[in-house]
Amino acid sequence: MNQLSRPDNGLAERAANHLGAGRLSEAESGCRRILAERPDDGAALRMLGVIAYRSGQPDAARRLIEKAIAENPLDGEAQHALGQVLMQMGKGGAAIHAFEAALSITPRNIGAILNLSTLKRLGGDTDGALEFLLPALVRDNASPDILNEIGICHLHAGRAEAAAEWLARAVRLAPASAIYRNHLALALEGTGEPEAAIGEYDRALEIDPNHSEAGWNRTVALMALGRYAQGLKGWHLRRGHRSYRARAIQLPEWDGKQLDEGRLLVYAEQGLGDQILYAALLPLIAASAPALTLEAEPRLVPLFARSFSGTEVIAAAASPGPEVTSPKTVARHSIVDLARELPGAAETILPAAGYLQPDGPRRDEFRARLQAFGPPPYVGISWRSGADGNGAPKSIDLHRWRKILLQGPATFVNLQYGNTDEDIIKAERLTGARIYTDLDLDRFADLDGLAALIGALDQIITTSNITPMIAGAIGVPCWIMLRKSPFWYWGLAGDQAPFFASVRCYRQETAGEWDSVIERVAQDFRRVTNRRRV
Numbered sequence: 000m001n002q003l004s005r006p007d008n009g010l011a012e013r014a015a016n017h018l019g020a021g022r023l024s025e026a027e028s029g030c031r032r033i034l035a036e037r038p039d040d041g042a043a044l045r046m047l048g049v050i051a052y053r054s055g056q057p058d059a060a061r062r063l064i065e066k067a068i069a070e071n072p073l074d075g076e077a078q079h080a081l082g083q084v085l086m087q088m089g090k091g092g093a094a095i096h097a098f099e100a101a102l103s104i105t106p107r108n109i110g111a112i113l114n115l116s117t118l119k120r121l122g123g124d125t126d127g128a129l130e131f132l133l134p135a136l137v138r139d140n141a142s143p144d145i146l147n148e149i150g151i152c153h154l155h156a157g158r159a160e161a162a163a164e165w166l167a168r169a170v171r172l173a174p175a176s177a178i179y180r181n182h183l184a185l186a187l188e189g190t191g192e193p194e195a196a197i198g199e200y201d202r203a204l205e206i207d208p209n210h211s212e213a214g215w216n217r218t219v220a221l222m223a224l225g226r227y228a229q230g231l232k233g234w235h236l237r238r239g240h241r242s243y244r245a246r247a248i249q250l251p252e253w254d255g256k257q258l259d260e261g262r263l264l265v266y267a268e269q270g271l272g273d274q275i276l277y278a279a280l281l282p283l284i285a286a287s288a289p290a291l292t293l294e295a296e297p298r299l300v301p302l303f304a305r306s307f308s309g310t311e312v313i314a315a316a317a318s319p320g321p322e323v324t325s326p327k328t329v330a331r332h333s334i335v336d337l338a339r340e341l342p343g344a345a346e347t348i349l350p351a352a353g354y355l356q357p358d359g360p361r362r363d364e365f366r367a368r369l370q371a372f373g374p375p376p377y378v379g380i381s382w383r384s385g386a387d388g389n390g391a392p393k394s395i396d397l398h399r400w401r402k403i404l405l406q407g408p409a410t411f412v413n414l415q416y417g418n419t420d421e422d423i424i425k426a427e428r429l430t431g432a433r434i435y436t437d438l439d440l441d442r443f444a445d446l447d448g449l450a451a452l453i454g455a456l457d458q459i460i461t462t463s464n465i466t467p468m469i470a471g472a473i474g475v476p477c478w479i480m481l482r483k484s485p486f487w488y489w490g491l492a493g494d495q496a497p498f499f500a501s502v503r504c505y506r507q508e509t510a511g512e513w514d515s516v517i518e519r520v521a522q523d524f525r526r527v528t529n530r531r532r533v
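Under numbering that gives the first Met the number 0, the first residue of the sequence shown carries the number 0, and numbering increases by one thereafter.
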């Protein structure tokens with residue numbers, strides 16, 4: 000937190016200097032001496048608030064800074080400090096108001112501009128963030144921080160080419176910044192330049208060998224290129240990424256050697272789709288321990304329990320349950336690390352189908368409902384991703400599917416989670432297509448039911464979300480429309496999905512451009528439906 004203004008008297012100046020140098024105890028002592036003489040000194044109250052903030056006491060910091068603002072409402076630094084405290088407390092809306100108040104007093108406060116932009120961007124309002132950033136750039140066009148943040152906003156909005164341009168400008172101004180080079184590399188991946196991206200990751204790591212995000216991002220880029228042997232060397236680096244959440248499981252890590260006794264816990268990590276993908280590798284270690292326990296996201300437990308006979312399947316929980324703490328469980332291993340630990344694992348993950356088994360009776364029941372609704376083929380559709388920060392670039396509004404939905408006759412089936420009523424009504428009006436939504440199925444909470452519905456279908460057309468993962472694991476024919484730089488497990492080229500035999504890829508040729516992808520899918524779907532009629 001910056002400390003820019005300096006009270007006029009010598010004691011206040013010394014306290015501010017101590018605070019600026021990180022000598023919190025000396026700074027606090029000086030502030031309290033000031034307040035002993037002048038209890039309403041706003042600058043001293045603000046500095047005490049900053050000290051509390053830096054000491055990990057956000058509630059005390061908030062009280063002190065709000066008191067400072069009450070004494071001097073025009074203290075822009077106090078408003079900025081309050082915004083930072085509220086931001087740390089997770090009170091984004093209140094923090095935005097504080098940063099806006101700071102900028103109304105001190106419009107050139109770069110820190111407040113960047114913090115405000117970050118909050119708006121994380122809230123999905125990248126255009127709102129840019130409204131603050133672009134005028135600031137006009138005032139200070141040599142600020143690499145502003146250029147970097149503009150680039151990140153464009154990246155989050157799916158505008159990779161614009162992001163790369165802004166981030167390249169930031170790197171030119173600050174070539175020794177590993178942070179800016181890491182962000183530029185992400186943008187270059189988005190524009191379909193993976194080799195250039197890896198080069199930027201390499202330069203970032205030369206500058207800062209401990210830059211965990213650059214190291215992990217480089218690993219993922221190598222995996223996307225199919226260089227699994229290289230990528231898996233850095234597989235452990237994900238543990239240093241800011242998104243990684245360590246699990247409180249008091250068991251030793253499995254060393255990959257044969258266990259002669261006891262149970263091996265394969266614990267959950269990452270999201271639903273990742274757990275479905277890596278579950279394909281579970282049979283490869285089935286003989287490595289007398290018994291296996293597979294921990295999974297609770298919604299996956301019924302599907303996994305049915306599919307992996309002989310394996311105990313339990314729901315992941317914040318606090319380890321008795322299955323985990325039992326003396327019979329002797330070691331743990333992340334489901335994600337199945338790829339890294341096993342010799343030749345990357346080469347073993349060939350296009351696989353049928354390793355997850357849907358509920359047969361429910362599948363048959365769904366098929367009967369579909370037959371009562373309309374004629375085959377039954378084609379599942381899913382068009383949106385709710386992933387934080389990555390959802391928008393992967394999604395295609397359903398009304399843009401017009402050319403696909405016109406290629407009947409077919410009965411389309413809604414597989415999309417979330418509120419879809421408005422999307423469905425609009426698409427049906429535009430195309431005349433009939434889209435079936437099973438009102439008894441919660442497509443978000445009941446993944447076992449969703450898998451059964453997918454198993455009842457003839458084909459699926461989807462964007463990148465949980466749908467193609469389930470379809471591929473079950474073995475249902477699936478066409479996936481992919482952005483220019485998808486998640487690594489979809490690869491960067493070719494029609495065949497690397498890990499799922501039943502999944503065919505339709506890839507963007509230009510970042511952010513979906514029309515040609517939709518046209519290709521529509522043409523191929525027309526050919527398929529024509530063959531079915533014959």
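Cβ atoms here follow ideal geometry from the backbone N, Cα and C, with glycine treated the same way.
Between the options, which has its C-alpha nearest residue i's C-alpha?
i: R138; options: T461, N108, C152, E164; result: N108
i: T105; options: S384, T410, F131, D74; result: D74
i: Q356; options: G373, V300, V323, K66; result: V300
i: Y243; options: W487, V335, G191; result: V335
i: P193; options: A223, L81, S306; result: A223
i: N418; options: P408, L440, G407; result: L440
i: P57; options: G122, G82, E36; result: G82
i: R530; options: D363, K66, P408; result: P408
i: A156; options: G189, A492, P208, I112; result: G189
i: G123; options: A111, G91, L102; result: G91
i: L429; options: L397, R22, A371; result: L397
i: G55; options: V84, E36, K232, R399; result: V84
i: V475; options: P282, V378, P174; result: V378
i: D363; options: A15, I453, A295, Y354; result: I453
What is the DSSP secondary structure of residue i, counted as helix, strand or coil?
i: M88; result: coil
i: H79; result: helix
i: A500; result: coil
i: L3; result: For L3, the predicted model reports a pLDDT of 40, less than 50, meaning its position is unreliable and no value from the coordinates is stated.
i: E296; result: coil
i: I434; result: strand
i: G19; result: helix
i: E364; result: helix
i: P495; result: The amino acid occupying residue 495 in the given sequence is Gln; Pro does not appear at that position. Correct three-state label for Q495: strand.
i: Y354; result: coil
i: V323; result: helix
i: S515; result: helix
i: F372; result: helix
i: Q458; result: strand
i: H182; result: helix
i: L440; result: coil
i: I395; result: coil
i: A14; result: helix
i: I112; result: helix
i: S381; result: strand
i: R107; result: coil
i: T190; result: coil
i: V335; result: coil
i: R241; result: coil
Excluding five sequence neighbours on each side, which residues of the same chain lie with their C-beta closer than 7 Å to the C-beta of residue i?
i: E199; result: R180, L183, A184, L187
i: K327; result: G261, R262
Can you name, in chain order, every residue of its own chain whose Cβ lies under 6 Å from the Cβ of residue i, other than the five neighbours on each side?
i: P297; result: A314
i: I395; result: W382, T462, W513
i: R506; result: L481
i: L449; result: R442
i: R305; result: Q356
i: L172; result: P143
i: I149; result: L132, W165
i: M86; result: A94
Mind reading off the beta-carbon distance from residue i to residue j? Whole number of angstroms is fine, and I expect it under 8 Å.
i: A177; j: I206; result: 4 Å
i: S116; j: F131; result: 6 Å
i: G225; j: G471; result: Their Cβ separation, rounded to whole angstroms, is 17 Å, which puts G225 and G471 out of contact at 8 Å.
i: I159; j: A510; result: With the sequence shown as reference, residue 159 is identified as Ala, and Ile is not the correct amino acid for it. Rounded, the Cβ-Cβ distance is 4 Å, consistent with contact.
i: G272; j: M468; result: 4 Å
i: A11; j: A60; result: Not really, about 19 Å apart at Cβ, beyond 8 Å.
i: L63; j: A51; result: 6 Å
i: I473; j: C504; result: About 18 Å separates the two Cβ atoms, so there is no contact after all.
i: W234; j: A338; result: 7 Å
i: A97; j: V49; result: Not really, about 14 Å apart at Cβ, beyond 8 Å.
For residue i, collect the residues of the same chain with a Cβ closer than 8 Å to its Cβ; drop the 5 residues on either side in sequence, then sort them by chain order.
i: I248; result: L264, Y266, P319, V323, R331
i: G385; result: Y416, G417, N464
On the three-pair Cβ rule with 8 Å, is the segment 424 to 443 touching the segment 284 to 291? The segment 424 to 443 is not in contact with the segment 284 to 291.
Sufficient close CB pairs (3 or more, under 8 Å) joining the segment 351 to 371 to the segment 390 to 404: Judged by Cβ distances under 8 Å, the segment 351 to 371 makes no contact with the segment 390 to 404, as fewer than three pairs qualify.
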